Amino acid sequence: MNKTIRRASVFALLLVFALLVRATWVQFYDGKALADDKDNRRNAIDTYAAPLGNIIVAGRSITGSARTGGSDLAYRRTYTDGKLYAAVTGYASQSYAPTQLEGIYQDVLNGTDSRLKTAMDTITDKRADPGNVVTTVDPDVQKAAYRALGNNKGAAVAIDPTTGRILAVVSTPSYDPSALTDAGTAGATWKQLNADADKPLTNRALRQPLPPGSTFKLVVAAAALEDGLYSSVDQKTDSPDPYTLPGTTRALSNENPAAPCTNASIRVALRYSCNNVFGKMAVDLGQDKVRAMAEKFGFDDDRQDVPVRAYPSVYPKGMERAQTALSGIGQFDVTATPLQMAMVSAAIADDGKLVSPHMVARITDSGGDVLKDYDEDPGTRRIVGSSTAEQLRSAMRTVVEQGTGTNARIPGATVGGKTGTAQHGENNSKTPYAWFTSYAKSDTNGKEVAVAVMVEQSDAARSEVSGNGLAAPVARSVMQAALKN
1288 MNKTIRRASV FALLLVFALL VRATWVQFYD GKALADDKDN RRNAIDTYAA
1338 PLGNIIVAGR SITGSARTGG SDLAYRRTYT DGKLYAAVTG YASQSYAPTQ
1388 LEGIYQDVLN GTDSRLKTAM DTITDKRADP GNVVTTVDPD VQKAAYRALG
1438 NNKGAAVAID PTTGRILAVV STPSYDPSAL TDAGTAGATW KQLNADADKP
1488 LTNRALRQPL PPGSTFKLVV AAAALEDGLY SSVDQKTDSP DPYTLPGTTR
1538 ALSNENPAAP CTNASIRVAL RYSCNNVFGK MAVDLGQDKV RAMAEKFGFD
1588 DDRQDVPVRA YPSVYPKGME RAQTALSGIG QFDVTATPLQ MAMVSAAIAD
1638 DGKLVSPHMV ARITDSGGDV LKDYDEDPGT RRIVGSSTAE QLRSAMRTVV
1688 EQGTGTNARI PGATVGGKTG TAQHGENNSK TPYAWFTSYA KSDTNGKEVA
1738 VAVMVEQSDA ARSEVSGNGL AAPVARSVMQ AALKN
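This note's numbering runs 1287 ahead of the 1-based position in the sequence shown.
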């Protein structure tokens, strides 16, 4: 073989080798990327070739699948009481990426999760029968929250403090996920929902942190007791009224000028929601100690999964002393979700321990065999000592029995709470947010619940917006539903 032919042969072999390498690369690397591409129509065809698994509440499926006509997508998702459970389920759409539980557990629900495969499925490469997601949601508690919020823009979260099971997650105004499931009609609904100024697609319970106002005073009180700044909730504090913000000439005023807030104890200051007490308390502690306590409760956690990932609630850094004072009353740049404020009450209710909140009890295969049990060991961490928790519970009971939270009273139950009215907008020009965070325990059956409610906007006049007036009645309805036999 002459030199020219030999070189040509080597070159040809190199070309063949390059083609083999490229083909292998496409088959085993690019192929997977193409298969996983959200715009790959075959994925949607495969996903909706058969009915999906279901999301279950109290033993009943709140989702289903319906046959389509004239489409290569054989089935579409359906929802029972879609508006009621939208903040829990999210949606599984033929046109848009799934959200909430539908998105987190899409592999379980469409049968592609490897844990669902039988030996025969593996041999035949057949898609497994889909699994199911069993939630912790109590339908009566969910309905009570949804009805009590009514036409208000707001949210509510209810947690069993002893188990961490989330009993209700409600965000209003809501939307019907069924309107987004069919590829033929989803586009128009999507545009309408996104153009709505009330943002019905936003999960206000988990994913919209707002200033928590005076409900945050519970965190500051916890920090003061744990630090030893004050030995009990009944010790007099060093709190002049008016209290001038450090480095300014601005006085931190109280909602009720006649309230006995001068040097008030923590109990009295929570009862009357004395801003001067908690503003100065935050400054006396220093922002680092307040932040440390806030973070123990869950603030600044960017991995708060329930299992839907909640937006972080924030306690700011790098503040001046005047800003630290404002943070002590849940203002300045402090933000919280209703989930976060329910966690604060849950930890106080459970003797200072926080059981990780979760709204999925377990995921199962099509036959009901458990793939993962989230109730088995959700995880528990101590937030404050038992004595601090007991004192805060006692002070919160005073708020409900004699203070600003009287609309949360429930006959036959021990109830504690804290109201909040959070200012926002330039020069506090916008309608305040109304908050209420609480715990309750039945005097007869021993059931317990922690609840947080936020009313972002209502039809009430600005002068009538308050945590007790708007949020506490919602919390009362939710607690009553959770405590019943």
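Ideal placement from N, C-alpha and C gives every residue a C-beta, glycine not left out. Please read all numbers here as calculations on a predicted model, not as lab measurements.
Close-in-space but distant-in-sequence residues of the same chain around residue i (CB under 7 Å, 5 per side omitted)
| i | result |
| --- | --- |
| PRO1460 | LYS1440, ASP1485, PRO1487 |
| LEU1480 | TYR1462, PRO1487, LEU1488 |
| ARG1749 | Bear in mind that the predicted position of ARG1749 carries a pLDDT of just 48, short of 50, making it unreliable; the figure below should be weighed with that in mind. Hits under 7 Å: THR1718. |
| TRP1477 | TYR1383, LEU1467 |
| THR1651 | GLY1418, ASN1419, VAL1421, VAL1657, LEU1658 |
| SER1552 | VAL1520, ASP1521, GLN1522, LYS1523, THR1524 |
| ARG1608 | PRO1533, GLY1534, VAL1570 |
| LYS1369 | One point to set straight first is that residue 1369 is Gly, not Lys, in the sequence displayed. Only ASP1463, PRO1464, SER1465 meet the Cβ criterion. |
| ASP1394 | ASP1400 |
Contacting residues, own chain, Cβ-Cβ under 6 Å from residue i (five flanking each side not counted)
| i | result |
| --- | --- |
| LEU1321 | Its pLDDT being 48, under 50, LEU1321 is placed unreliably in this model, and the coordinates cannot settle the point. |
| GLN1610 | PHE1619 |
| ALA1473 | SER1380, SER1382, LEU1467 |
| GLY1667 | In the sequence as displayed, the identity of residue 1667 is Thr instead of Gly. Around THR1667: LYS1640, VAL1642. |
| ALA1415 | GLY1398, LEU1403, LYS1404, ASP1408 |
| TYR1433 | LEU1371, VAL1457 |
| ARG1452 | THR1423 |
| TYR1392 | VAL1420 |
| SER1673 | ASP1638, GLY1639 |
| THR1549 | ASP1528 |
| ALA1336 | ALA1361 |
| GLN1710 | PRO1719 |
Distance between beta carbons of residue j and residue i, contact taken as under 8 Å
| i | j | result |
| --- | --- | --- |
| ASN1419 | GLY1340 | 5 Å |
| THR1622 | PRO1498 | 6 Å |
| VAL1657 | ALA1443 | Between ALA1443 and VAL1657 the Cβ distance is about 29 Å, and since that is not below 8 Å, they are no contact. |
| VAL1736 | ALA1758 | About 15 Å; that fails the 8 Å criterion. |
| GLN1678 | SER1614 | So it is not a contact: roughly 22 Å between Cβ atoms. |
| THR1249 | ALA1353 | A question about residue 1249 goes unanswered here, because the residues of the chain that appear run from 1288 up to 1772. |
| ILE1332 | LEU1300 | Incorrect: roughly 40 Å between the Cβ atoms, too far for contact. |
| TYR1362 | PRO1338 | 6 Å |
| ASN1562 | ASN1541 | 5 Å |
| LEU1572 | LEU1512 | Not a contact, Cβ separation roughly 11 Å. |
8 Å Cβ cutoff met for residue i and residue j
| i | j | result |
| --- | --- | --- |
| LYS1640 | ARG1669 | yes |
| THR1691 | SER1560 | yes |
| GLY1500 | THR1693 | no |
| LEU1436 | ALA1445 | no |
| GLY1617 | PHE1503 | yes |
| ASP1528 | LYS1576 | no |
| VAL1742 | ALA1431 | no |
| ALA1721 | GLY1756 | yes |
| MET1580 | ALA1510 | yes |
| ASP1638 | ALA1700 | no |
| SER1526 | VAL1564 | yes |
| LEU1388 | PRO1417 | no |
| TYR1598 | ASP1587 | no |
| THR1367 | GLY1390 | no |
| PRO1625 | HIS1645 | no |
Cβ shell of residue i (< 8 Å), same chain only, five flanking positions each side left out
| i | result |
| --- | --- |
| GLY1566 | TYR1530, LEU1532, LEU1539, ALA1612, LEU1613, GLY1615, ILE1616 |
| SER1725 | SER1632, MET1683, VAL1687, GLY1692, ALA1695, VAL1702, GLY1703, GLY1704, LYS1705, ALA1737, VAL1738, ALA1739, ALA1759, ALA1762, MET1766 |
| ALA1648 | VAL1421, THR1422, THR1423, ARG1452, ASP1660, TYR1661, ASP1662 |
| PRO1547 | VAL1555, TYR1559 |
| PRO1697 | The sequence as given places Ile at residue 1697; Pro does not occur at that position. Taken in chain order, the residues that qualify are ALA1727, ARG1763, MET1766, GLN1767, LEU1770. |
Quiz item: Do the stretch 1423 to 1443 and the stretch 1340 to 1351 touch if we need at least three Cβ pairs shorter than 8 Å?
Solution: yes
Quiz item: Can you list, in chain order, the stretches of the alpha helix (DSSP H) that have 4 or more residues and sit fully within the stretch 1502 to 1564?
Solution: With a minimum length of 4 residues, the continuous alpha helix (DSSP H) runs that stay inside the stretch 1502 to 1564 are 1504 to 1514, 1553 to 1559.
Quiz item: Can you give, in chain order, each stretch of the beta strand (DSSP E) that sits fully within the stretch 1699 to 1740 and has at least 3 residues?
Solution: Runs of the beta strand (DSSP E) lying entirely within the stretch 1699 to 1740 and spanning at least 3 residues, in chain order: 1700 to 1709, 1720 to 1729.
Practice problem: Go through the stretch 1353 to 1417 residue by residue and report every complete run of the alpha helix (DSSP H) that reaches 4 residues or more, in order. | Solution: Runs of the alpha helix (DSSP H) lying entirely within the stretch 1353 to 1417 and spanning at least 4 residues, in chain order: 1369 to 1376, 1387 to 1391, 1393 to 1397, 1406 to 1411.
Quiz item: Pairing CB atoms from the stretch 1724 to 1741 with CB atoms from the stretch 1652 to 1671, are three or more of them under 8 Å?
Solution: Output reads no: the stretch 1652 to 1671 does not touch the stretch 1724 to 1741.
Practice problem: Determine contact between the stretch 1368 to 1379 and the stretch 1464 to 1484, defined as no fewer than three beta-carbon pairs at a distance below 8 Å. | Solution: Cβ pair count under 8 Å is three or more, so yes.
Quiz item: Are the stretch 1577 to 1595 and the stretch 1493 to 1509 in contact at 8 Å, needing three or more beta carbon pairs?
Solution: yes
Quiz prompt | Cβ contact check for the stretch 1670 to 1690 and the stretch 1555 to 1570: 3 or more pairs under 8 Å | solution = yes
Practice problem: Kindly confirm or deny that the stretch 1531 to 1545 and the stretch 1503 to 1522 touch, where touching means at least three C-beta pairs closer than 8 Å. | Solution: no
Quiz prompt | Contained alpha helix (DSSP H) runs [length at least 4] in the stretch 1596 to 1652, N- to C-terminal order | solution = 1608 to 1614, 1625 to 1636
Practice problem: Check whether the stretch 1503 to 1512 touches the stretch 1623 to 1635, counting contact only when three or more Cβ pairs, one atom from each stretch, lie closer than 8 Å. | Solution: yes
Self-check item: Length-filtered (4 minimum) alpha helix (DSSP H) runs lying within the stretch 1649 to 1694
Solution: The stretch 1649 to 1694 contains these whole alpha helix (DSSP H) runs: 1673 to 1689.
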